[in-house]
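Each number in my numbering comes from the position in the sequence shown (counting from 1) with 234 added on.
Where is the CB? At the ideal position from N, CA and C, for every residue including glycine.
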Amino acid sequence: MSSAPLLGAGEPFGECREAKRPSPAWLRRLIDTEEAWAQLQFALPMVLTNMSYYAIPLVSVMFSGHLGNVHLAGATLGNSWATVTGYAFVTGMSGAMETLCGQAYGARMYRLLGLYLQSSLIMSAVVSVLISVVWLFTEPILLCLHQEPEVSHAAAVFIRYQVPGLFAYSFLQCLLRYLQTQSIVVPLVVCSMVPFVLHIAVNYLLVNVVGLGLTGASLAISATFWVSCLMLLAYVMWSKEFDETWKGFSTDAFNYVLPTIKLAMPSAIMVGVLGY
């Protein structure tokens with residue numbers, strides 16, 4: 235029995251594929267070319283999206299490097315600390331949505347996708363508060379780990395002003411999974427690469443023109459993540475593509491917080507360990 239591609243044009247929210255020439259017979263015997271092409275169309279935008287988000291803090295580190303050796307060391311240490319204690323953890327927690335939303339979408343229980351999104355946003359907000367407390371004590375923690383005092387202070391400054399951005403990043407990961415499980419990936423590229431380009435300009439403005447130094451580089455990260463988050467949220471709330479999966483905010487979402495946490499914690503631990 236032949237199997238249909240996982241990502242097809244006939245799905246409710248899929249995009250129509252352009253007509254393409256049949257693959258050579260020898261290639262069709264080697265691999266399922268139609269499925270491979272569908273997977274490539276899905277994977278490439280996700281690669282570009284993730285690269286953009288990973289590059290945002292690195293751009294701020296690069297601008298910090300022009301301020302001096304201590305600033306560069308502090309920004310590098312702060313970026314590593316923020317990744318392993320915050321960004322990697324919330325990325326892992328959003329992995330629960332891949333399972334929950336994938337099952338709901340396959341079962342055509344479209345309203346559940348919106349409820350799972352809201353429950354994940356609630357969970358992410360609470361977790362971000364807890365991580366923020368850890369971030370605010372970055373300097374004494376690093377000193378206990380025998381880091382240089384000047385570098386520890388610089389790292390603490392670099393992390394402190396990323397606290398608002400942590401909330402935006404955790405919400406972003408939930409929105410990414412929500413769109414990804416519906417095979418809607420092109421908007422993800424737009425909402426990640428446009429803010430990334432703006433991020434370079436904002437860094438130059440805050441670090442070099444205004445002269446905020448490490449504070450400016452850190453604020454640029456938070457601002458960029460919030461711009462991307464609000465762009466995606468606006469797209470979800472007002473696009474016609476989500477009429478079946480997004481019915482507005484509902485208190486029913488609180489009923490799905492516990493099931494979401496049960497799946498999110500193992501995923502967060504796994505990604506966190508990889509980050510370490």
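CB-CB length for residue i against residue j, believed under 8 Å
i: E478; j: Y344; result: 4 Å
i: G445; j: H305; result: G445 to H305, Cβ: 13 Å. No contact.
i: M285; j: A498; result: Not confirmed; about 24 Å, so no contact.
i: S484; j: G329; result: So it is not a contact: roughly 23 Å between Cβ atoms.
i: S366; j: S404; result: Wrong, their Cβ atoms sit about 11 Å apart, outside the cutoff.
i: S511; j: S294; result: Absent from the structure is residue 511, since the part of the chain shown begins at 235 and ends at 510.
Of the residues the options, the one placed nearest residue i, counting alpha carbons only
i: L364; options: S354, L379, P374, T319; result: T319
i: A512; options: V507, L413, N489; result: Nothing about residue 512 can be read from this structure; the chain reaches only from 235 to 510.
i: V470; options: F371, V368, G348; result: G348
i: Y490; options: S298, S366, L508, L334; result: L334
i: V420; options: W472, V281, A270; result: V281
i: A389; options: S298, D486, F483; result: S298
i: P493; options: M331, A272, E269; result: M331
i: R394; options: W369, S404, A272; result: W369
i: F459; options: L439, G482, S473, I434; result: I434
i: W480; options: G506, I418, L346; result: L346
i: L278; options: F488, W472, V423, Y438; result: V423
i: L410; options: F276, I495, G302; result: F276
i: W315; options: M504, I375, P383, L406; result: I375
i: V507; options: P383, A487, T317, G482; result: T317
i: A273; options: I418, N437, G450, D486; result: It is worth fixing the name first, because residue 273 is Gln in this sequence and not Ala. Checking every option, the nearest Cα to that of Q273 belongs to I418.
i: L406; options: E268, A270, T283; result: T283
i: P383; options: N437, A307, G302, A487; result: A307
i: L301; options: K496, Y438, G482, D486; result: Y438
Proximity of residue i and residue j at Cβ, strictly below 9 Å
i: L355; j: C408; result: yes
i: A454; j: V443; result: no
i: A309; j: F392; result: yes
i: L311; j: Q381; result: yes
i: T372; j: S353; result: no
i: Y350; j: Q416; result: no
Worksheet item: Does the region 321-337 come within contact of the region 455-467, defined as at least 3 CB pairs closer than 8 Å?
Response: A contact is defined here as three or more CB-CB pairs under 8 Å, and the region 321-337 fails this definition with respect to the region 455-467.
Worksheet item: Is it true that the region 419-433 meets the region 286-302, where meeting means three or more beta-carbon pairs spaced less than 8 Å apart?
Response: Judged by Cβ distances under 8 Å, the region 419-433 makes contact with the region 286-302, as three or more pairs qualify.
Discussion item. Threshold first: 4 residues or longer. Then list the alpha helix (DSSP H) segments lying entirely within the region 370-430, N to C.
Written reply: Entirely contained in the region 370-430, the alpha helix (DSSP H) runs reaching 4 residues are, in chain order, 372-378, 383-394, 397-414.
Discussion item. Measuring CB atoms only, is the region 360-374 touching the region 395-411, in the sense that at least three cross pairs come out at less than 8 Å?
Written reply: Cβ pair count under 8 Å is three or more, so yes.
Discussion item. Quick check on the DSSP output: what are the complete beta strand (DSSP E) runs of length 3 or more inside the region 295-340, in order along the chain?
Written reply: If we require 3 residues or more, the region 295-340 turns out to have no beta strand (DSSP E) run fully inside it.
Worksheet item: Hey, which unbroken runs of the alpha helix (DSSP H) at 4 residues or more fall wholly within the region 431-490?
Response: The region 431-490 contains these whole alpha helix (DSSP H) runs: 448-472.
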